[in-house]
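Using full-length UniProt numbering, the letters of the sequence shown map in sequence onto residues 265 to 553.
We treat Cβ as the ideally placed atom computed from N, Cα and C, and that holds for glycine.
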Amino acid sequence: SIPLGYFGGIGAASRRGILFKGSNYLDAITHIDAVVFDKTGTLTCGVFRVQEVHPSGGLTADELVAWAAAAESGSNHPIARAVGEYAKQQAITLPAVRNTEERAGLGLRAMTGRGELLVGKAALLAQNQVAYPEDILHIPDTIVVVALDGRYAGYLLLADEPKPDASRAVATLHGLGIRNLCILSGDKSALVGKLAGQLGISRYFGDLMPEDKVRHIEEFQTEEHARVAFVGDGLNDAPVLAASKVGIAMGGLGSDVAIEAADIILQTDQPSKIAEAIRIGRRTRAVVW
Ligand code: ADP
Ligand code: MG
Numbered sequence: 265s266i267p268l269g270y271f272g273g274i275g276a277a278s279r280r281g282i283l284f285k286g287s288n289y290l291d292a293i294t295h296i297d298a299v300v301f302d303k304t305g306t307l308t309c310g311v312f313r314v315q316e317v318h319p320s321g322g323l324t325a326d327e328l329v330a331w332a333a334a335a336e337s338g339s340n341h342p343i344a345r346a347v348g349e350y351a352k353q354q355a356i357t358l359p360a361v362r363n364t365e366e367r368a369g370l371g372l373r374a375m376t377g378r379g380e381l382l383v384g385k386a387a388l389l390a391q392n393q394v395a396y397p398e399d400i401l402h403i404p405d406t407i408v409v410v411a412l413d414g415r416y417a418g419y420l421l422l423a424d425e426p427k428p429d430a431s432r433a434v435a436t437l438h439g440l441g442i443r444n445l446c447i448l449s450g451d452k453s454a455l456v457g458k459l460a461g462q463l464g465i466s467r468y469f470g471d472l473m474p475e476d477k478v479r480h481i482e483e484f485q486t487e488e489h490a491r492v493a494f495v496g497d498g499l500n501d502a503p504v505l506a507a508s509k510v511g512i513a514m515g516g517l518g519s520d521v522a523i524e525a526a527d528i529i530l531q532t533d534q535p536s537k538i539a540e541a542i543r544i545g546r547r548t549r550a551v552v553w
């Protein structure tokens with residue numbers, strides 16, 4: 265039987281927008297000694313804006329945006345929404361594409377009347393044997409690279425902002441004695457490092473595929489004996505949520521799959537709610553025991 269105190273804890277948490285899937289997680293979260301964050305949409309707002317358009321290979325800027333947006337219309341990633349929004353603002357007509365496929369953490373592939381279209385990170389082009397200028401790898405911002413019919417066609421540069429609540433999340437966790445914090449991201453290492461520096465998080469890994477994130481979590485949990493809570497916005501995060509001791513999904517932006525895989529759901533997209541969840545867990549434990 266479940267001690268009555270747990271129901272009080274779950275109720276108190278739910279009134280604060282923190283949904284525990286069971287009383288066992290209220291207990292589990294009190295044992296957490298490391299918190300691992302996803303970046304995009306978790307520590308950042310996840311609202312990108314297209315800042316620059318750099319066409320190549322004879323395309324105009326509008327043509328590059330049109331191809332990118334045509335492929336991105338098949339995705340609900342924050343990057344995809346930004347590209348679509350920009351094309352709409354510029355009143356650019358999108359060419360027809362078919363058989364659009366999204367590869368989690370990489371980008372999209374679609375067929376067009378002009379050949380195969382690739383839209384995403386440089387690694388997507390590399391995997392499809394499409395050459396691109398080496399220097400785009402050193403751009404310290406989020407970029408969306410485009411290739412058409414086996415040829416590099418340019419890139420769009422986007423910007424996203426840290427959430428105002430992200431610093432508070434770090435401070436409140438430190439306040440609870442949880443100093444083992446880490447960021448795992450599919451975005452570029454240099455960019456992830458910049459954010460980690462701004463937030464005072466000393467450990468970070470970038471350029472990760474969804475399966476690399478799972479491997480990192482498993483390593484922390486086995487080699488360092490850390491009891492890890494992973495917090496993600498949900499996009500591409502279901503496997504990591506499942507692998508971590510406690511999986512926490514942001515409900516607002518999160519996908520149904522992530523909400524399914526998570527143990528705790530934060531209804532507001534505030535990472536500082538994690539510290540609040542731990543505090544409620546600790547208080548409940550004190551009452552129950
Ligand atoms: P994070 O780990 O920071 O939350 P994601 O796993 O969502 O980031 O995505 C990792 C990277 O994969 C992005 O930074 C982007 O370069 C690329 N990517 C993923 N989905 C898309 C998409 N729909 N369009 C373009 N690029 C994408
Ligand atoms: Mg994400």
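Counting only the Cα atoms, residue 276 lies some 33 Å from residue 480. Residue 500 is classed as buried because its beta carbon has at least 16 other beta carbons within 10 Å across all chains shown.
A Cβ-Cβ separation of about 6 Å places residue 427 in contact with residue 308 under the 8 Å criterion. 8 Å or more divides the Cβ of residue 273 from the Cβ of residue 542. Its chain contains 317, 319 as the residues whose beta carbon lies nearer than 7 Å to that of residue 325, once the 5 sequence neighbours on both sides are disregarded; these appear in chain order. Scanning 450, 421, 290 for the CA closest to the CA of residue 368 turns up 450.
Under DSSP, residue 426 forms a beta bridge with 308. Placement of the Cβ of residue 459 at a distance of 7 Å or more from every heavy atom of ligand 1 is found.
Counted as a single uninterrupted DSSP element, the stretch harbouring residue 480 is not any beta strand (DSSP E) but the alpha helix (DSSP H) occupying residues 474–487.
In the DSSP annotation of this structure, the continuous segment of the beta strand (DSSP E) that includes residue 468 starts and ends at 467–469. Taking C-alpha positions only, residue 497 is separated from residue 490 by approximately 22 Å. Between the alpha carbons of residue 290 and residue 446 lies a distance of about 22 Å. DSSP places residue 288 in the uninterrupted alpha helix (DSSP H) bounded by 287–292. Annotated three-state conformation of residue 396 is coil, per DSSP. Using a Cβ distance threshold of 8 Å, residue 335 and residue 360 do not count as a contacting pair. Buried is the label assigned to residue 513, since at least 16 other Cβ atoms lie within 10 Å of its Cβ. Taking the Cβ atoms as the reference, residue 269 lies roughly 4 Å from residue 551, within the contact range of under 8 Å. Buried is the label assigned to residue 508, since at least 16 other Cβ atoms lie within 10 Å of its Cβ. Just measuring C-alpha positions, the residue of 475, 506, 358, 298 sitting nearest residue 370 is 475.
The beta carbon of residue 337 sits closer than 7 Å to those of 348, 358, all from its chain and outside the five residues before and after it, given in chain order. Between residue 473 and residue 341, the alpha-carbon positions lie close to 15 Å from each other.
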